[in-house]
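From first to last, the protein sequence lines stand for chains L and P. Numbered by my numbering, the letters in the first sequence go through residues 59 to 168 in order. Numbered by my numbering, the letters in the second sequence go through residues 2 to 116 in order. All residues carry an ideal CB built from backbone N, CA and C; glycine is no exception. Here's the structure, in structure tokens; my notes come after.
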Amino acid sequence: EAQVTQNPRYLITVTGKKLTVTCSQNMNHEYMSWYRQDPGLGLRQIYYSMNVEVTDKGDVPEGYKVSRKEKRNFPLILESPSPNQTSLYFCASIRGTEAFFGQGTRLTVV
Amino acid sequence: AQSVAQPEDQVNVAEGNPLTVKCTYSVSGNPYLFWYVQYPNRGLQFLLKYITGDNLVKGSYGFEAEFNKSQTSFHLKKPSALVSDSALYFCAVRVPGGSQGNLIFGKGTKLSVKP
Chain L
59 EAQVTQNPRY
69 LITVTGKKLT
79 VTCSQNMNHE
89 YMSWYRQDPG
99 LGLRQIYYSM
109 NVEVTDKGDV
119 PEGYKVSRKE
129 KRNFPLILES
139 PSPNQTSLYF
149 CASIRGTEAF
159 FGQGTRLTVV
Chain P
2 AQSVAQPEDQ
12 VNVAEGNPLT
22 VKCTYSVSGN
32 PYLFWYVQYP
42 NRGLQFLLKY
52 ITGDNLVKGS
62 YGFEAEFNKS
72 QTSFHLKKPS
82 ALVSDSALYF
92 CAVRVPGGSQ
102 GNLIFGKGTK
112 LSVKP
């Protein structure tokens, strides 16, 4: 079964404490992406990766990092989280016109 | 700037009535168009897409959408709404010539279907 798996699903953390949200896909897709969803703003792209070791900024990259050391994994890293990064995060794995989304990670930074 | 507009934050419909969730877009070229649905505490689920061909596209759960190039619209429709259709709906476009995953999303429309 085609799957995009994100972990954790829920996370509450404190300002400044580094965290990583993992994303893994089993479809051998080259393209992966991270989005954040905020009320009234829809989904906005944070970073994307077109292949292993190839990443680029999306529309709202500030405060985030990513890495793509292997095709299946695309972790999102918050080196020093701040309250304005409280949001719902989605990882997506895409090939052609097909996009598969993870279940989401609800992050709260206090 | 390229954008997707969903003019209604919320749409309220009685069960059994037809529903329409509106979407208009502003992009250059001939975009690919998508609808996704998000149920509470769930991820995004694909409903349907328009790539080329027939302007009326049929998708999952009885939904359909009509592509109108002259009005740059891609409204989502269903002839008879169900209470279980209540969810958040997102319209998205993929910009031609851009990175393959560059989906631009609307802000979402909350659909509420009452019994």
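When the alpha-carbon of asparagine 86(L) is set against those of Val167(L), Gly154(L), Leu165(L), the nearest one is in Gly154(L).
In terms of beta-carbon proximity, leucine 45(P) lines the interface with chain L, with at least one pair separated by less than 8 angstroms. Taking 8 angstroms as the CB threshold, glycine 107(P) lines the interface with chain L. Phenylalanine 159(L) reaches chain P at Gly44, Leu45, counting residues in chain order whose Cβ is nearer than 7 angstroms. Residue state for tyrosine 147(L) is assigned as strand, using DSSP reduced to three classes. Ranked by how close their Cα comes to the Cα of tyrosine 37(P), the residues Phe158(L), Tyr68(L), Ser91(L) have Phe158(L) in first place. Contact fails between the region 106 to 115 of chain L and the region 61 to 72 of chain L, because fewer than three Cβ pairs, one in each stretch, are under 8 angstroms apart. The three-state secondary structure of tyrosine 37(P), taken from DSSP, is strand.
When secondary structure is reduced to three states using DSSP, serine 85(P) falls in the helix class. Setting aside the 5 residues that flank it on each side, serine 27(P) is surrounded in the same chain by Gln3, Ser4, Thr73, each with a C-beta closer than 7 angstroms to its C-beta; the list follows chain order.
A direct Cα-to-Cα measurement between valine 168(L) and proline 141(L) gives close to 6 angstroms.
In this structure glutamine 39(P) does not touch phenylalanine 106(P) by the C-beta definition: roughly 11 angstroms separates them, more than the 8 angstroms allowed. In the structure shown, tyrosine 62(P) adopts helical secondary structure according to DSSP, grouped into three states. When C-alpha distances from threonine 80(L) are compared across Pro119(L), Leu136(L), Val72(L), Gly100(L), the shortest belongs to Leu136(L).
Taking a C-beta distance under 8 angstroms as the contact criterion, glutamine 46(P) and lysine 108(P) do not qualify as a contact pair. DSSP places alanine 15(P) inside the beta strand (DSSP E), whose first and last residues are 11 to 15. In the three-state scheme derived from DSSP, where H, G and I count as helix and E and B as strand, asparagine 142(L) is classed as helix. The secondary-structure analysis by DSSP pairs asparagine 69(P) across a beta bridge with Ser74(P). Setting aside the 5 residues that flank it on each side, proline 119(L) is surrounded in the same chain by Ile104, Tyr105, each with a C-beta closer than 8 angstroms to its C-beta; the list follows chain order.
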